[in-house]
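**Q** Be aware that the sequence shown starts at 0, since it is given in numbering that gives the first Met the number 0, and climbs by one per residue.
All C-beta atoms, glycine included, are put in the ideal place defined by N, C-alpha and C.
This structure is a prediction, so every number in the text was calculated from the model and none was measured.
Structure in structure tokens, see below.
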Amino acid sequence: MNIYTRMIIVLTSIGLISGAFLAGVGTLTKNRIALNKQREINEAIMTVVSGAQISSKIYEERDLAVYKVNNEENELLGYAVYAGGVGFQDKIYLMFGVNPEITRIYSLTVLEQKETPGLGAKITSEKDFLQFWKNRDCTKEITLHKPAVNSPEQLSPSEVNIITGATISSEAVVNIVNLALEKIRALKNEGKL
Numbered sequence: 000m001n002i003y004t005r006m007i008i009v010l011t012s013i014g015l016i017s018g019a020f021l022a023g024v025g026t027l028t029k030n031r032i033a034l035n036k037q038r039e040i041n042e043a044i045m046t047v048v049s050g051a052q053i054s055s056k057i058y059e060e061r062d063l064a065v066y067k068v069n070n071e072e073n074e075l076l077g078y079a080v081y082a083g084g085v086g087f088q089d090k091i092y093l094m095f096g097v098n099p100e101i102t103r104i105y106s107l108t109v110l111e112q113k114e115t116p117g118l119g120a121k122i123t124s125e126k127d128f129l130q131f132w133k134n135r136d137c138t139k140e141i142t143l144h145k146p147a148v149n150s151p152e153q154l155s156p157s158e159v160n161i162i163t164g165a166t167i168s169s170e171a172v173v174n175i176v177n178l179a180l181e182k183i184r185a186l187k188n189e190g191k192l
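Below is the structure:
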């Protein structure tokens, strides 16, 4: 057997062993990853709907899931909406809470993003972005306020603050929320919520 044949056999064997090892690790960690993601979603539900004790998924499609949220007495507090869409760098996944009538956004949190560090990544910052989402009126389309302001009181009821230098990321979050609101209103009108 010549040297080239031996090299091909050795490299093929190493590749097969490495591939089998990676497949095994993927299989072993798949359930743990799913559990961690569900735990993150449950924590986000408790964050976006104050007083939440019981939640159940009532609707799901690609990049959208709606959770019915109740308190300890099993009274409906509202809905937690998990939504995703395209940002500047990659997909953005977020969760926001709305009241049962879908007229007010309680709050919003960003679960996953890969936006530009120091700019677009500020969509995860309470001080720079998330504080401006609390108790927003969503009877009309949510819009961005330009230029940026210092406090939520300086905004109209259906406005949120833009992040200076990260217009695309800010717009992406607003678009994701507006599309999700449109969809859940349609679901409510169809009697699916």
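Compare the C-alpha of residue 80 against each of 72, 73, 98 and 86 and name the closest.
**A** Here the closest residue by C-alpha is 98.
**Q** Report, in whole angstroms, the separation of the C-beta atoms of residue 40 and residue 68, which I expect to be a contact under 8 Å.
**A** That pair is no contact at about 12 Å.
**Q** Pull up the DSSP beta-bridge partners for residue 135, would you.
**A** The partner list for residue 135 (beta bridge, DSSP) reads 104.
**Q** Going by CA-CA distance only, name the one from 9, 6 and 167 that's closest to residue 89.
**A** Checked all of 9, 6 and 167; the closest Cα to residue 89 is 167.
**Q** If we call anything under 8 Å between Cβ atoms a contact, is residue 177 one with residue 141?
**A** Yes, they are a contact pair.
**Q** Which residues mark the beginning and the end of the beta strand (DSSP E) in which residue 55 is found?
**A** 53 to 60 is the extent of the beta strand (DSSP E) around residue 55.
**Q** Helix, strand or coil for residue 72 per DSSP?
**A** Correct three-state label for residue 72: coil.
**Q** How would you call residue 153, buried or exposed, if buried means at least 16 neighbouring beta carbons within 10 angstroms?
**A** Counting Cβ neighbours within 10 Å, residue 153 comes out exposed, since fewer than 16 surround it.
**Q** Under the three-state reduction of DSSP, which class applies to residue 162: helix, strand or coil?
**A** Here residue 162 sits in coil by DSSP.
**Q** Roughly how many whole angstroms lie between the Cα atoms of residue 127 and residue 30?
**A** So the alpha carbons of these two residues sit roughly 35 Å apart.
**Q** Of the choices 85, 116, 157 and 192, whose alpha-carbon is the least far from that of residue 174?
**A** Closest option to residue 174, Cα to Cα, is 85.
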